[in-house]
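Q: Numbering follows the working numbering, with no gaps: position 50 of the sequence shown is 50. One structure coming up, written as C-alpha cells, with questions to follow.
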Amino acid sequence: MSNRFLKNRFRSIIDKYLKGTSSVEQEKMVDYFYDSIPDEDISETKLSAIERDLKDSIDRSIKKENRLKRRMMYLKIASAAVVLIVSSFYIYNNLNQKSNVVPLEDMQSSTTEINTAPETPVFVLEDGQSYTLLDSAFERLSYKLIDGERVFILPDDLPITDDSRQKLSQIKNPTDKVFAFRLQDGTTAWLNPNSTLDILPETDGKRLVRIEGTVLFDVQKIKEEQGYKPFVVKTALQTIEVLGTKFIVNSVNTLEDVLLLEGKVRLTHNRYKTAVVLKPNQKASLKEAEANILVTKSTDNYKIEAWHKGLFHFENEKMADVMAEISQWYGQTVTVDPAIKDIPITGMISRYKRIEEVLELIELTNNVKYHREEGKIYVE
C-alpha cells in the first residue's frame, strides 16, 4: 500500500473532522490520537502536502469553538502528530521484522451477517422480573453527561406500578457497547459487553456487589464515624475490598485480573485465602487452581483510555492474547492455531459491531486466516 494512499486517507478523515461531517468513530479516533501526540518536531518535508491541507482547513475554521480551534492549531504546528496519527490508523504485523499495514477506518466487510446484538442493557429487579430501557419503568431513567459520556443514574427503587416499588438487583449488558451506571451509593460502574453486575444487600456495614465479565469501578467514598464505609466486589475467584478508589476487574473463566488506577485495594483469593494489597498502577493476576496472586507493575493503562474511546489497543501482544480479548468483548469463542499464537500485534482497531470486521483486518495485516465451524471461530 503506497504512502500516497495513506496520506490521502488521513487527509480525508481529518477534513471530515474539521468540517464536522466525520462519523462518531472517526471523531473518537482523532480525539484519541490527538491526546497521544508527542511534543517533539520531525522533518516537515515528509508531510508538506498534509500540512498544507491542515493549514487551509484551519484558516477556514478559525472562528469555530475554542476546543476544536486549539486542536486544529496543534495539528498544524506539530508535524510529529501527523506521523503518529497516520501510523495509528493501521495495525502492524512485526513478524520477521516486517510491517504490513491496512487502514482501519472506512473498511467494508465482505460478510453480510446482520448484527443482532441487543441495543439496551437488562435490569433485573428483586422479584426476578427483567426490564430494558424501552420499558416504562426505565424509559425515563435520568443520566448525566460526564466527559461527554452518558452515565445512567440508578435510583434506590423503581416505580413498577402505581402502588409497587422495587429495588434493582442485577444489571446485564448483552449489547456490543460499554454502558456506565451511577449506583445508589454514588459509585460509577462501566460494564463491558457480556458483563453482569449484581447489587447485593449490605452486610456488616459493607457495600457489596458481584460481577462477571469486565467492569471498571470508580468508588464513591462514604465517611462514617468509625471510618470509611467499605465497598466489596465479589467474583468467582476473589473478594476485593476498597474504600474509595478507581480500578478495573476482569473476571473471565478461571483467570482474573485487577488493575488499580487510584487508591488502594485488598484482594483475597476465595479458595486459598491468600491476600495482597495493590497500589496505584499495579496489576494482580490469579488463577482458580493456584494460591499465589501475581502482582506486577501495570503496563495496561493505555487500554483503559482506548476502551473509553471505543478502540482496541494492542502493544506488542501475542496473537493468542489479542484473540482472547476480542473473544471476550464479542462473547464468541475464538481458537488460535498454536503455530501462530506468538505472532506479535501492535496497533489500534475500532470496536466494530461485528467480530468479523476486526478479524478481516487482522487477516489483511498478517499471514493468517479465520473461518467459522459449528458456531466457533478458528484463526490459523
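Using N, Cα and C, we set each Cβ at its ideal position, and we do this for glycine too.
Alpha carbon to alpha carbon, how far is Met-348 from Gln-226?
A: Numbered from 1 along the sequence shown, position 348 holds the residue referred to as residue 348. Numbered from 1 along the sequence shown, position 226 holds the residue referred to as residue 226. Looking at the two C-alpha atoms, the distance is approximately 46 Å.
Q: From which residue to which residue does the beta strand (DSSP E) around Asp-218 run?
A: Working through the sequence shown from its first residue, we reach residue 218 at position 218. Element bounds for Asp-218: 206-218.
Q: Which residue from Leu-237, Glu-202, Ser-12 puts its Cα closest to that of Glu-256?
A: Here residue 256 refers to the residue found at position 256 when the sequence shown is read from its first residue. Comparing Cα positions, the closest option is Leu-237.
Q: Whose CA, out of Gly-331, Asn-366, Glu-356, lies closest to the CA of Ile-345?
A: On the sequence shown, position 345 is the one that residue 345 refers to. It is Asn-366.
Q: Could you say which of Leu-359, Thr-333, Trp-329, Met-319 lies nearest to Asp-342 if we only look at CA atoms?
A: Position 342 of the sequence shown, counting from 1, holds the residue named residue 342. With distances taken between Cα atoms, Asp-342 lies closest to Met-319.
Q: For His-371, is the classification buried or exposed, using 16 other Cβ atoms within 10 angstroms of its Cβ as the cut-off for buried?
A: Within the sequence shown, the letter at position 371 stands for residue 371. Label assigned to His-371: exposed.
Q: With Ile-340 and Glu-373 assumed to form a contact (beta carbons below 8 Å), what rounded beta-carbon distance in angstroms separates them?
A: On the sequence shown, position 340 is the one that residue 340 refers to. On the sequence shown, position 373 is the one that residue 373 refers to. No, Ile-340 and Glu-373 are not in contact; Cβ-Cβ is about 17 Å, not under 8 Å.
Q: Measure the alpha-carbon distance for Asp-218 versus Val-336 and round it to whole angstroms.
A: For this step, residue 218 is matched to residue 218 along the sequence shown. For this step, residue 336 is matched to residue 336 along the sequence shown. If I take the Cα positions, the gap works out to 34 Å.
Q: Taking the alpha-carbon positions, what's the Thr-254 to Lys-234 distance?
A: Here the question's residue 254 lines up with position 254 in the sequence shown. Here the question's residue 234 lines up with position 234 in the sequence shown. About 14 Å.
Q: Among Leu-145, Lys-172, Leu-141, Glu-149, whose alpha-carbon lies nearest the alpha-carbon of Asp-157?
A: Taking the sequence shown and counting its residues from 1, one reaches residue 157 at position 157. The option with the nearest alpha carbon to Asp-157 is Leu-141.
Q: Return the Cβ separation of Val-265 and Lys-283 in integer angstroms, given the expectation that the two are a contact with Cβ distance under 8 Å.
A: Working through the sequence shown from its first residue, we reach residue 265 at position 265. Working through the sequence shown from its first residue, we reach residue 283 at position 283. About 11 Å separates the two Cβ atoms, so there is no contact after all.
Q: Give me, in chain order, the residues of the same chain whose beta-carbon lies closer than 8 Å to that of His-269; leave out the 5 immediate sequence neighbours on both sides.
A: Translated into positions along the sequence shown, residue 269 becomes position 269. Contacts found: Leu-237, Gln-238, Ala-275, Leu-286, Ala-291, Ile-293.
Q: Nearest by alpha-carbon distance to Tyr-228: which of Thr-214, Gly-213, Lys-246, Arg-207 is it?
A: One-based indexing of the sequence shown puts residue 228 at position 228. Of Thr-214, Gly-213, Lys-246, Arg-207, the residue nearest in Cα terms is Arg-207.
Q: When you compare the CB positions of Lys-221 and Gly-244, do they come within less than 8 Å of one another, or not?
A: Taking the first residue of the sequence shown as 1, we reach residue 221 at position 221. Taking the first residue of the sequence shown as 1, we reach residue 244 at position 244. Yes.
Q: Cα-Cα, which of Thr-120, Thr-188, Thr-175, Pro-155 is closest to Leu-145?
A: As a working note, residue 145 is residue 145 in the sequence shown. The option with the nearest alpha carbon to Leu-145 is Thr-188.
Q: What residue range does the alpha helix (DSSP H) around Val-358 cover?
A: Taking the first residue of the sequence shown as 1, we reach residue 358 at position 358. Looking at the DSSP string, the run of the alpha helix (DSSP H) that includes Val-358 is 355-365.
Q: When the Cα atoms are used, what is the spatial distance from Pro-121 to Lys-172?
A: Here residue 121 corresponds to residue number 121 of the sequence shown, with the count starting at 1. Here residue 172 corresponds to residue number 172 of the sequence shown, with the count starting at 1. Rounded to whole angstroms, Pro-121 to Lys-172 spans 6 Å at the Cα level.
Q: With Glu-126 and Ser-195 assumed to form a contact (beta carbons below 8 Å), what rounded beta-carbon distance in angstroms separates them?
A: Mapped onto the sequence shown, residue 126 falls at position 126. Mapped onto the sequence shown, residue 195 falls at position 195. Incorrect: roughly 21 Å between the Cβ atoms, too far for contact.
Q: What does a CB cutoff of less than 6 Å around Tyr-330 pick up in its chain, not counting 5 residues either side in sequence?
A: As a working note, residue 330 is residue 330 in the sequence shown. So the list reads Ile-355, once near-sequence residues are dropped.
Q: Using DSSP's beta-bridge definition, name the partner residues of Val-368.
A: Taking the sequence shown and counting its residues from 1, the one referred to as residue 368 is at position 368. Looking at the DSSP assignment, Val-368 forms no beta bridge with any residue, so it has no partner.
Q: Could you work out which residue in Leu-311, Pro-174, Ser-136, Arg-271 is closest to Gln-332 when comparing CA atoms only?
A: Within the sequence shown, residue 332 is the residue found at index 332, counting from 1. For Gln-332, the nearest C-alpha among the options comes from Pro-174.
Q: Using DSSP bridges, identify the partner residues of Asp-198.
A: Here residue 198 refers to the residue found at position 198 of the sequence shown. Gln-170, Arg-210.
Q: Would you kindly work out how many angstroms separate the C-alpha atoms of Ile-377 and Ile-304, rounded to a whole number?
A: As a working mapping, residue 377 is identified with position 377 in the sequence shown. As a working mapping, residue 304 is identified with position 304 in the sequence shown. Roughly 26 Å separates the two Cα atoms.
Q: Locate the alpha helix (DSSP H) running through Glu-305, then write down its first and last residues.
A: Numbered from 1 along the sequence shown, position 305 holds the residue referred to as residue 305. Its alpha helix (DSSP H) spans residues 301-308.
Q: Check Pro-118 in the structure and name its three-state DSSP category.
A: Within the sequence shown, residue 118 is the residue found at index 118, counting from 1. Note: Pro-118 maps to coil in three-state DSSP.
Q: So, are the CB atoms of Val-215 and Val-249 less than 8 Å apart?
A: In the sequence shown, counting from the first residue as 1, residue 215 sits at position 215. In the sequence shown, counting from the first residue as 1, residue 249 sits at position 249. Yes; because the gap between Cβ atoms is below 8 Å, this pair is in contact.
Q: Tell me which same chain residues have a C-beta within less than 7 Å of the C-beta of Glu-139, skipping the five on either side of it?
A: One-based indexing of the sequence shown puts residue 139 at position 139. Once the five neighbours on either side are set aside, the close Cβ partners of Glu-139 are Leu-133.
Q: Enumerate in chain order the residues of its own chain whose CB-to-CB distance from Glu-363 is below 8 Å, with the five nearest sequence positions on each side excluded.
A: Taking the first residue of the sequence shown as 1, we reach residue 363 at position 363. The residues are Lys-369, Tyr-370.
Q: Is the beta carbon of Ala-137 closer than 8 Å to that of Tyr-143?
A: Walking along the sequence shown from the start, residue 143 turns up at place 143. Walking along the sequence shown from the start, residue 137 turns up at place 137. Against a cut-off of 8 Å, the Cβ pair of Ala-137 and Tyr-143 comes out as no contact.
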